[in-house]
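Going line by line, the protein sequences match chains A and B. Using this note's numbering, you'd call the opening residue of the first sequence number 1 and step up by one each time. Using this note's numbering, you'd call the opening residue of the second sequence number 347 and step up by one each time. Glycine included, each C-beta is placed from N, C-alpha and C at the ideal position. Take a look at the structure set out below.
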Amino acid sequence: MSDVLLEHLTKIYPGAEYPAVDRVSLKVESGSLTALLGPSACGKSTILKMIAGLLAPTSGDVRFSGASVLLQPPQSRDAVMMFQDHLLFPYMSVGENVGFGLKMRGRPKTEITRAVGEMLDLVQLHGLERRKPSQLSGGQQQRVALARALILRPKILLLDEPFSNLDESLRLEMQMLLKTLHEEMKTTMLFVTHDQEEAIVLADKIALMLAGRLRQYDIPQNLYGQPNNREVAEFFGARNFIPGRIVSGKFDCSLGQFSLPDHIQPDGGLLTCRPESVVVGSNTASENSFPATITSKRFLGSQTRLKLDASGQLIDALLSPNLAEPFQTGAEVNVHLPRQSLWLLP
Amino acid sequence: MRESHQNMHTTENVGRGLSGLAWLSLAMLTSWLILPLIPLALWSVSRSWFFPDLLPSAYSLRAWNYVFSTTSEVLPALGQTILIALGATFVSIVIGLPAGRALGLYQFRGKAIVEILILAPMIVPGIAVALGLHVVFLKLGLAGSEFGVMLVHLIPTLPYMVLVMAGVFSNYNPAVEAQARSLGAGPLQTFYSITLPAILPGLLIGSLFTFLVSWSQYILTLLIGGGRVVTLPLLLFNFASAGRNDITGAISMIYILPGMLLLLIGARHLTGRNRSVEGMHQI
């Protein structure tokens, strides 16, 4: 176990116009399971490679438990990286793959054999030592890759989109396995993903990267409910942004005056409310309400999306399908933004 | 995966359907390769063989005795040929492996020009280059030395090695090396346990070509060696032009030996019956 500290970490690839990673500072707590979340090509994997020692940063520092590791080659850092494709060595059996790291460290054969057996049990692949990687299913291959990394008991495990090539049910299974292994081994784990659901389900804390920069580093609930800025909010599916200003503790905008929850700082000029929090059709003309016209209605399966027009301000609402049933396109409805669901953005 | 299986099935079917033709072509190929060697083999054990006789009128091992006698130049020439071919192969690997890796894995500015330059020795006749090089080699004191001959053999051998290795590396995922490094393997360990098994079949085939191309050089050896470096093809040519058909035949038998041996070894790799080639298909 060891914490990871990134200090103004920057990577500019030769000939690139913009830095792939731009002054990222971040502390991954010892023993935590942390997600680096962001769209593709936002610099997540680059950060992982710099931590693993497979790529040298342009500037900045990487520290494990306080000590800089920049001058250490990958094999002597206590951080093991697992790649997106399982990257099992095709000439070696499953057992040889899992034991690879220990063999490279010159451990005795009997010890390796025993450790491989234990590790395969842990990832529920008991007795498959002699198989070739090509004889395994995708999920099994991923388990072998996980076992191959964990057998070294690394202080830090880095996972680069580990489950993105697996199908839905297998992915859920592997996520649970990872969570179990994390709780059992207490290894500091940092994983890269573009899937916000995966990040939310697995991670203690999420670092959201957009275009090479760290935009918010927080617990999942806060990234959802209390985003730092509009880009973060949009990444997590927020659609409703209402410009305005604070007048005597209330948010004043074209739709009227809105009371805000007590816990938020009354500054910022953009009011946001998550689409799933919007209440449509409440008759009582309570506070934080306004009339709007339904411009479109779309059934999405577990939810129905209503697009609303409130005198020029567009509002998105996600309702459960049975609640949305009575509403038709073109109808005039009353829209309520519950006070506790409001949030202000700069 | 499924597609390639289907392809395999179709080729199998075609193979079965045309087995008659396949046998015919095999027979033709064999006779094309073997038949010309029969008179040479006969010459090597003949004592007298005059036109229009179909077979020699008398046999003897005179030619073979001469070839293996201490007074003949054949054995020293054989050693020299092997030494030069091994040297050329070794240097070709040292240069061709990294060059092929760069060409196979990376895109860089001027890549097309580099590829053409590497292919150039296969397009430009070697003798033209060697004539120019001869002057330089004389100044450097390399002319007439085994080392000089080995160096000049690199002109025709390097393109084979570089092209074979570029092909191998274009099907290679270098991320497995990064994975090995991250799992604790040093650079050398990574090369031996990860890179080498993946490229070994290609490396063997490239070395085979390189060895045989160097083995069969005549003009380049003659020009740069200046008669002081006598390899098997030079000796063969001398005896052939001197009309000693019996000794020519005997030397020829020795001369074709490595090609035959290496082809038999190489065929295993080329036909994919080898474990490491199977592995390469999986990558």
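Residue i by DSSP, collapsed to three states: which one?
{"i": "P350 (chain A)", "result": "With chain A covering only 1 through 346, there is no way to say anything about residue 350 (chain A)."}
{"i": "S622 (chain B)", "result": "Reliability of the predicted coordinates at S622 (chain B) is poor, the pLDDT of 43 falling under 50, and no value is obtained from them."}
{"i": "D85 (chain A)", "result": "coil"}
{"i": "H126 (chain A)", "result": "coil"}
{"i": "T187 (chain A)", "result": "coil"}
{"i": "D121 (chain A)", "result": "helix"}
{"i": "G256 (chain A)", "result": "strand"}
{"i": "K636 (chain B)", "result": "Any question about residue 636 (chain B) goes unanswered here, given that chain B covers just 347 to 629."}
{"i": "Y601 (chain B)", "result": "helix"}
{"i": "H8 (chain A)", "result": "strand"}
{"i": "S68 (chain A)", "result": "strand"}
{"i": "V21 (chain A)", "result": "strand"}
{"i": "D309 (chain A)", "result": "strand"}
{"i": "V576 (chain B)", "result": "coil"}
{"i": "N240 (chain A)", "result": "strand"}
{"i": "S562 (chain B)", "result": "coil"}
{"i": "M209 (chain A)", "result": "strand"}
{"i": "G15 (chain A)", "result": "coil"}
{"i": "Q216 (chain A)", "result": "strand"}
{"i": "V62 (chain A)", "result": "strand"}
{"i": "I264 (chain A)", "result": "coil"}
{"i": "V470 (chain B)", "result": "coil"}
{"i": "L488 (chain B)", "result": "coil"}
{"i": "L344 (chain A)", "result": "strand"}
{"i": "R245 (chain A)", "result": "strand"}
I need the straight-line Cα distance from residue i to residue j, nearest angstrom please.
{"i": "G15 (chain A)", "j": "I570 (chain B)", "result": "45 Å"}
{"i": "G625 (chain B)", "j": "D160 (chain A)", "result": "Model confidence at G625 (chain B) stands at a pLDDT of 40, short of 50, so the residue's coordinates are unreliable and nothing is read from them."}
{"i": "R230 (chain A)", "j": "I462 (chain B)", "result": "53 Å"}
{"i": "E358 (chain B)", "j": "S365 (chain B)", "result": "For E358 (chain B), the predicted model reports a pLDDT of 45, less than 50, meaning its position is unreliable; a value from the coordinates is still stated below. Rounded to the nearest angstrom, the two C-alpha atoms are 10 Å apart."}
{"i": "P502 (chain B)", "j": "T556 (chain B)", "result": "8 Å"}
{"i": "L581 (chain B)", "j": "S371 (chain B)", "result": "34 Å"}
{"i": "R77 (chain A)", "j": "S491 (chain B)", "result": "50 Å"}
{"i": "S289 (chain A)", "j": "L529 (chain B)", "result": "58 Å"}
{"i": "A486 (chain B)", "j": "Q453 (chain B)", "result": "The sequence shown places Leu at residue 486 (chain B), rather than the Ala named in the question. Roughly 36 Å separates the two Cα atoms."}
{"i": "S622 (chain B)", "j": "W561 (chain B)", "result": "In this prediction, S622 (chain B) scores a pLDDT of 43, lower than 50, which makes its location untrustworthy; the coordinate-derived value is nonetheless stated afterwards. For S622 (chain B) and W561 (chain B), the distance between alpha carbons rounds to 27 Å."}
{"i": "V575 (chain B)", "j": "I464 (chain B)", "result": "27 Å"}
{"i": "L208 (chain A)", "j": "G138 (chain A)", "result": "28 Å"}
{"i": "A32 (chain A)", "j": "F163 (chain A)", "result": "For the record, residue 32 (chain A) in the displayed sequence is Ser; it is not Ala. Straight-line Cα distance between these residues: approximately 19 Å."}
{"i": "I611 (chain B)", "j": "I602 (chain B)", "result": "15 Å"}
{"i": "L200 (chain A)", "j": "L546 (chain B)", "result": "Note that residue 200 (chain A) is Ile in the sequence shown here, rather than Leu. I200 (chain A) and L546 (chain B): Cα-Cα distance of roughly 45 Å."}
{"i": "I358 (chain A)", "j": "T329 (chain A)", "result": "The question about residue 358 (chain A) has no answer here: the residues shown for chain A are numbered 1 through 346."}
{"i": "G244 (chain A)", "j": "S277 (chain A)", "result": "20 Å"}
{"i": "L534 (chain B)", "j": "Q226 (chain A)", "result": "50 Å"}
{"i": "V232 (chain A)", "j": "Q216 (chain A)", "result": "7 Å"}
Looking at C-alpha atoms only, which residue of the options is the closest neighbour of residue i?
{"i": "F191 (chain A)", "options": "A:G268, A:Q84, A:D22, A:K297", "result": "A:Q84"}
{"i": "D121 (chain A)", "options": "A:V98, A:S137, A:L345", "result": "A:V98"}
{"i": "T113 (chain A)", "options": "A:R130, A:L214, A:V123", "result": "A:R130"}
{"i": "F236 (chain A)", "options": "A:L181, A:L255, A:E197", "result": "A:E197"}
{"i": "L26 (chain A)", "options": "A:N228, A:F327, A:L214", "result": "A:L214"}
{"i": "V510 (chain B)", "options": "B:I441, B:Q426, B:V575, B:L488", "result": "B:I441"}
{"i": "G552 (chain B)", "options": "B:F436, B:R393, B:P422, B:F537", "result": "B:F436"}
{"i": "D204 (chain A)", "options": "A:Q303, A:L223, A:A211", "result": "A:L223"}
{"i": "G256 (chain A)", "options": "A:D262, A:R23, A:I246", "result": "A:I246"}
{"i": "A52 (chain A)", "options": "A:L37, A:S277, A:A41, A:L71", "result": "A:L71"}
{"i": "L306 (chain A)", "options": "A:Q313, A:S286, A:P275", "result": "A:P275"}
{"i": "L383 (chain B)", "options": "B:G605, B:L484, B:L610, B:S598", "result": "B:S598"}
{"i": "V460 (chain B)", "options": "B:A448, B:L484, B:Y405", "result": "B:A448"}
{"i": "N322 (chain A)", "options": "A:Q313, A:L308, A:R298, A:L166", "result": "A:R298"}
{"i": "S539 (chain B)", "options": "B:L554, B:E523, B:G548", "result": "B:E523"}
{"i": "L388 (chain B)", "options": "B:T376, B:S406, B:A373", "result": "B:S406"}
{"i": "L150 (chain A)", "options": "A:E184, A:P39, A:K44", "result": "A:E184"}
With a cut-off of 8 Å on the beta carbons, I'd call residue i and residue j a contact; round off their distance for me.
{"i": "A438 (chain B)", "j": "M496 (chain B)", "result": "Residue 438 (chain B) is actually Ser in this sequence, not Ala. Not a contact, Cβ separation roughly 10 Å."}
{"i": "H126 (chain A)", "j": "G60 (chain A)", "result": "The pair is not a contact, with the Cβ atoms about 44 Å apart (cut-off 8 Å)."}
{"i": "L102 (chain A)", "j": "A115 (chain A)", "result": "6 Å"}
{"i": "L337 (chain A)", "j": "L260 (chain A)", "result": "Actually they do not touch by this definition, with Cβ atoms about 11 Å apart."}
{"i": "G212 (chain A)", "j": "P19 (chain A)", "result": "5 Å"}
{"i": "L88 (chain A)", "j": "V144 (chain A)", "result": "6 Å"}
{"i": "L37 (chain A)", "j": "T46 (chain A)", "result": "With a Cβ gap of about 15 Å, L37 (chain A) and T46 (chain A) do not count as contacting."}
{"i": "T577 (chain B)", "j": "A409 (chain B)", "result": "Not really, about 19 Å apart at Cβ, beyond 8 Å."}
{"i": "D154 (chain A)", "j": "T110 (chain A)", "result": "Sequence inspection shows Pro at residue 154 (chain A); the Asp mentioned does not correspond to that position. Not quite, the Cβ-Cβ distance comes to about 22 Å (not below 8 Å), so this is no contact."}
{"i": "G595 (chain B)", "j": "L386 (chain B)", "result": "4 Å"}
{"i": "A434 (chain B)", "j": "L500 (chain B)", "result": "6 Å"}
Please go through the stretch 518 to 552 of chain B and give each complete alpha helix (DSSP H) segment of 4 or more residues, from N-terminal end onward.
Under the rule that a run must span 4 or more residues, the alpha helix (DSSP H) segments found entirely inside the stretch 518 to 552 of chain B read 521 to 528, 533 to 536.
Where in the stretch 97 to 173 of chain A do unbroken runs of the beta strand (DSSP E), each at least 3 residues long, occur, reported from the N-terminal end onward?
Runs found: 156 to 160.
What ranges does the alpha helix (DSSP H) occupy inside the stretch 375 to 429 of chain B, keeping only unbroken runs of at least 4 residues that lie completely in it?
383 to 390, 408 to 414
What are the complete beta strand (DSSP E) segments, minimum 3 residues, inside the stretch 268 to 339 of chain A?
Runs of the beta strand (DSSP E) inside the stretch 268 to 339 of chain A: 270 to 273, 289 to 299, 304 to 310, 313 to 319, 332 to 336.
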